[in-house]
């Protein structure tokens with residue numbers, strides 16, 4: 112139906128049942144709105160600012176918990192990997208391997224992900240121009256795997272802010288792969304004194320609408336039933352109660368966008 | 112009808128007849144699309160990078176040429192001023208006085224514009240956070256003149272680029288005045304070696320759609336029948352032949368936006 | 112003796128006697144250290160963030176107070192102007208006319224300053240690349256006045272920070288005019304929520320030493336006997352008690368720098 | 112003698128003999144100037160923009176070639192690692208393990224490097240505020256290994272430029288570990304259209320002098336007998352013929368700096 116797709120979930124697997132619970136809520140909403148839905152959760156956080164931040168419940172336990180979403184709800188699932196070794200393991204559980212933004216230049220990691228034959232979602236580094244993502248994409252397609260998507264999660268703007276440059280969306284679509292806007296992380300404000308990224312959740316709807324009107328193929332966002340108690344990235348997450356209103360608004364903008372094309 | 116409004120015109124008055132000719136074309140389009148239209152032209156360019164750039168046909172001649180658009184087409188008109196002295200003179204010819212972005216911190220200029228009783232459109236300095244525009248607005252409202260509008264024309268992003276931060280739109284709307292997105296100038300790429308600002312005109316539609324979906328009250332753009340021969344800012348101007356398609360697309364996005372509110 | 116020169120003073124004339132008092136203290140120090148000294152004070156602040164900030168004691172009274180420093184202490188003096196009209200008036204009192212950073216692109220102002228025949232010190236806009244200052248310089252030299260100096264006061268780095276790019280110093284020296292580093296203002300952190308620029312005064316010595324080693328011709332700084340009670344820019348000013356230690360350190364770095372050339 | 116130390120070498124091991132040849136030239140110069148010298152070379156480049164860039168002669172061959180510098184010239188040596196697995200292997204050959212800037216947030220990598228007991232040199236991410244390096248340092252010291260050094264290689268400034276913020280030097284020295292300025296990489300201009308980082312080698316001396324005067328503990332630079340034919344980063348490398356002049360200039364600045372403390 113020409114709708115955008117949604118990559119969403121709770122940031123990190125906090126316990127065994129939570130992925131399924133959250134996925135179920137999102138699936139009901141996206142089914143109603145006819146939005147293709149890909150469930151996302153991290154099985155481990157490898158690059159937290161502070162060593163004492165929560166990093167996971169164990170890799171295999173978390174991956175199994177994600178795979179359960181796939182099997183029980185018949186949903187495609189995505190998770191992020193941090194080293195070439197993890198690519199092969201994670202690929203047994205998920206449909207899409209995600210390359211974190213800080214790691215989007217690591218040739219070994221991109222090639223290892225590509226060689227699993229799975230889709231690869233490369234996040235644009237906060238330090239990378241949209242045009243430079245061409246080279247990251249080519250590290251995947253160079254192996255013969257053309258299943259690449261690109262996610263923008265903002266660009267450094269001074270030390271303590273990220274800016275979302277809407278020019279990057281058409282610029283990266285020129286490479287011929289789907290482009291996704293990560294609303295949650297592009298609204299972070301990094302390098303805060305306490306080591307925990309702050310953000311402006313009230314901006315979520317504004318940025319998502321703008322991205323849809325700019326023509327993104329997909330939206331990425333993290334959602335949680337209780338963001339203030341989330342174990343990672345709570346400051347920018349969308350309360351899951353607000354998700355249906357947001358998505359139905361985006362569907363209206365998307366339909367208008369489609370008529371302009 | 113809840114539509115956005117349009118501030119548009121040819122950048123600078125290049126000769127006596129050109130404002131009327133361009134205004135007529137735009138008026139026909141905006142009448143059809145029911146978009147409130149304010150005609151804009153500069154009567155002089157006071158801050159060109161290079162001393163040898165074209166700066167105008169003479170102040171009074173140019174102001175009269177702008178006023179003719181007002182009287183003959185019954186359109187509100189806007190022009191920009193560069194010193195307190197110019198405020199009073201220009202206010203005899205136009206409905207709205209525009210404060211250039213570089214000058215948005217000049218208290219004398221803001222107060223002089225305010226005291227004419229005309230509407231004042233303050234462009235956000237490329238060096239200013241959206242939140243800081245509150246103080247510029249207060250320099251006008253402090254005189255008792257509440258007719259203020261704010262226009263975003265991008266923020267410095269390194270030396271040679273501007274970025275349009277969509278977060279600024281709701282942030283500035285909180286001051287209680289209309290917020291406009293200047294598509295033409297926010298796509299400039301300043302500080303180019305030759306002293307002439309470059310830009311990416313192909314991005315005009317993307318940024319305008321995103322701005323409308325983010326909720327701007329108005330759109331500002333410069334248009335010209337022959338951008339490559341325009342005497343100022345030609346690199347970013349929209350060819351007037353493309354205006355109707357652009358605006359009708361924006362109307363569709365606006366209607367979807369209104370349904371989300 | 113190849114030493115750098117110093118432009119210093121109290122930011123704004125706060126009362127009639129204060130310029131002379133501060134100039135006297137600085138003169139004793141710079142005489143001992145053989146540093147050529149130019150006294151600087153503003154007679155009015157025209158671009159304060161907030162309308163309710165202190166802006167001066169009256170233009171002519173303040174200019175006379177600055178001129179008294181010139182006549183009684185036999186020192187060159189500098190002040191900043193904000194419109195073409197002010198150029199002629201101020202030029203009767205001072206040796207150097209300073210163009211504020213926000214106004215460095217205003218052709219009328221630059222030409223008016225140039226035509227007084229006085230030296231013109233152009234501050235680099237926070238939004239300007241060092242290379243682009245070439246065009247500002249040419250607006251002065253184009254009138255036949257070659258007495259130009261350029262002052263760097265930082266470049267926008269996100270919304271709330273300025274960064275001092277040492278590459279700009281040799282880049283601007285290539286134009287053939289003295290280049291000055293404004294330590295006080297390049298350490299500002301603009302766009303703070305309360306409308307008053309914050310800064311990091313503890314960094315003054317670090318940045319000044321780096322600038323001298325990078326080869327600047329002059330140092331600009333604001334100093335005050337009681338920065339916490341200064342009526343403008345107090346947050347970044349150097350307490351005058353610390354000036355001699357700072358300058359004698361800079362003389363040592365300068366001497367080393369000269370030996371490297 | 113209070114001198115700064117130097118980390119230098121040819122970027123990547125291009126063939127077996129080259130490390131020893133270059134190290135020998137640098138050692139003669141640094142012995143004369145009494146500058147402690149640490150030889151640096153990468154054994155592999157893991158994050159080149161383009162997949163077709165040169166990445167190495169083989170890991171073990173390259174590590175042996177670096178170790179030969181250590182044994183034959185009695186010099187400490189440093190190399191960079193890209194995954195936790197590499198830490199243990201590389202630690203058998205070198206004295207210092209370097210964490211690349213893009214990877215400075217990867218907890219596993221920092222901990223693996225720390226646990227070898229070797230010194231760890233963490234490069235500040237181009238996306239990281241100096242103050243945020245505290246958390247990276249703590250990931251190493253949290254293991255009980257206090258042998259950490261920090262290297263600044265610039266911060267993102269728009270998409271295509273890096274800026275060296277001298278304020279970061281004292282800010283990072285407050286953590287209690289040596290701070291190094293990487294002249295070569297902080298002068299890169301990333302995200303260039305061709306995928307190869309450009310730069311401004313003429314600025315090397317300016318930035319190095321400024322860094323020394325700002326108080327850095329060490330200087331990092333890449334040097335090559337023939338930069339235009341170097342297989343990596345040639346655009347910013349210093350021709351080895353110019354090294355002695357540069358370093359002797361820096362020694363003079365350093366001596367002046369020491370007298371200011």
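Residue numbers (this note's numbering), protein chains in the order written: chain A, 112 to 372; chain B, 112 to 372; chain C, 112 to 372; chain D, 112 to 372. Every residue, glycine too, gets a C-beta built ideally from N, C-alpha and C.
N-terminal and C-terminal residue of the alpha helix (DSSP H) that residue i is part of
{"i": "residue 342 (chain A)", "result": "Per DSSP, residue 342 (chain A) belongs to no alpha helix (DSSP H) and is neither H nor E."}
{"i": "residue 314 (chain D)", "result": "Careful: residue 314 (chain D) lies outside any alpha helix (DSSP H) and carries neither H nor E."}
{"i": "residue 303 (chain B)", "result": "Premise fails: residue 303 (chain B) is in no alpha helix (DSSP H) and is neither H nor E."}
{"i": "residue 184 (chain C)", "result": "170-184"}
{"i": "residue 295 (chain B)", "result": "294-297"}
Residue i - DSSP class collapsed to helix/strand/coil
{"i": "residue 229 (chain C)", "result": "coil"}
{"i": "residue 329 (chain D)", "result": "strand"}
{"i": "residue 239 (chain C)", "result": "coil"}
{"i": "residue 335 (chain D)", "result": "strand"}
{"i": "residue 246 (chain D)", "result": "helix"}
{"i": "residue 286 (chain D)", "result": "coil"}
{"i": "residue 163 (chain A)", "result": "coil"}
{"i": "residue 273 (chain B)", "result": "strand"}
{"i": "residue 261 (chain C)", "result": "strand"}
{"i": "residue 356 (chain B)", "result": "helix"}
{"i": "residue 152 (chain D)", "result": "coil"}
{"i": "residue 351 (chain C)", "result": "helix"}
{"i": "residue 136 (chain C)", "result": "helix"}
{"i": "residue 123 (chain D)", "result": "strand"}
{"i": "residue 364 (chain B)", "result": "helix"}
{"i": "residue 146 (chain C)", "result": "coil"}
{"i": "residue 128 (chain A)", "result": "coil"}
Exposure label - residue i; buried when at least 16 CB within 10 Å
{"i": "residue 237 (chain C)", "result": "buried"}
{"i": "residue 183 (chain D)", "result": "exposed"}
{"i": "residue 347 (chain D)", "result": "buried"}
{"i": "residue 304 (chain D)", "result": "exposed"}
{"i": "residue 165 (chain C)", "result": "exposed"}
{"i": "residue 139 (chain B)", "result": "exposed"}
{"i": "residue 172 (chain D)", "result": "exposed"}
{"i": "residue 143 (chain A)", "result": "exposed"}
{"i": "residue 151 (chain A)", "result": "buried"}
{"i": "residue 340 (chain D)", "result": "exposed"}
{"i": "residue 344 (chain A)", "result": "buried"}
{"i": "residue 257 (chain D)", "result": "exposed"}
{"i": "residue 232 (chain A)", "result": "buried"}
{"i": "residue 158 (chain B)", "result": "buried"}
{"i": "residue 203 (chain D)", "result": "exposed"}
Residue i: first and last residue of the uninterrupted beta strand (DSSP E) it sits in
{"i": "residue 190 (chain D)", "result": "188-191"}
{"i": "residue 117 (chain A)", "result": "116-120"}
Beta bridge counterpart(s) of residue i as assigned by DSSP
{"i": "residue 209 (chain D)", "result": "D:191, D:232"}
{"i": "residue 200 (chain C)", "result": "Paired residues: none, contrary to the question."}
{"i": "residue 267 (chain B)", "result": "B:273"}
{"i": "residue 291 (chain D)", "result": "D:262, D:329"}
Contact test: residue i Cβ vs the ligand MN heavy atom, cutoff 7 Å
{"i": "residue 345 (chain D)", "result": "With respect to the ligand MN, the structure shown offers nothing to examine, as it has no ligands at all."}
Notebook entry, point to check: Using a beta-carbon distance cut-off of less than 8 Å, what residues from the stretch 200-222 of chain D approach chain B?
Noted result: For chain B, none of the residues of the stretch 200-222 of chain D brings a beta carbon within less than 8 Å of one of its beta carbons.
Notebook entry, point to check: What residues in the stretch 258-277 of chain C bring their beta carbon closer than 9 Å to a beta carbon of chain A?
Noted result: So the list reads 267, 268, 269, 270, 271, 272, 274, given in the order they occur along the chain.
Notebook entry, point to check: Mind listing which residues of the stretch 236-253 of chain D have their C-beta closer than 9 Å to chain A's C-betas, in chain order?
Noted result: Sequence-ordered contacts of the stretch 236-253 of chain D with chain A read 236, 237, 238, 239, 240, 241, 242, 243, 245, 246, 247, 249, 250, 253 [C-beta pairs closer than 9 Å].
Note to self: Tell me which residues of the stretch 170-202 of chain B have at least one Cβ-Cβ distance to chain C shorter than 9 Å, keeping chain order.
What the structure shows: Shown in chain order are the members of the stretch 170-202 of chain B whose Cβ falls below 9 Å from a Cβ of chain C: 193, 194, 195, 196.
Margin query: So if I threshold CB-CB distances at 9 Å, which residues from the stretch 329-342 of chain B count as touching chain C?
Written below: Hits within the stretch: zero.
Checklist line | Near-chain B residues of the stretch 151-172 of chain C (beta-carbon distance less than 7 Å), N- to C-terminal order | finding: Within the stretch 151-172 of chain C, the residues whose Cβ lies closer than 7 Å to some Cβ of chain B are 157, 158, 159, 160, 161, 162, listed in chain order.
Check: Relative to chain C, which residues along the stretch 282-310 of chain B have a C-beta separation below 8 Å, given in chain order?
Finding: Against chain C - using a Cβ distance shorter than 8 Å - the residues of the stretch 282-310 of chain B are 301, 302, 304, 306.
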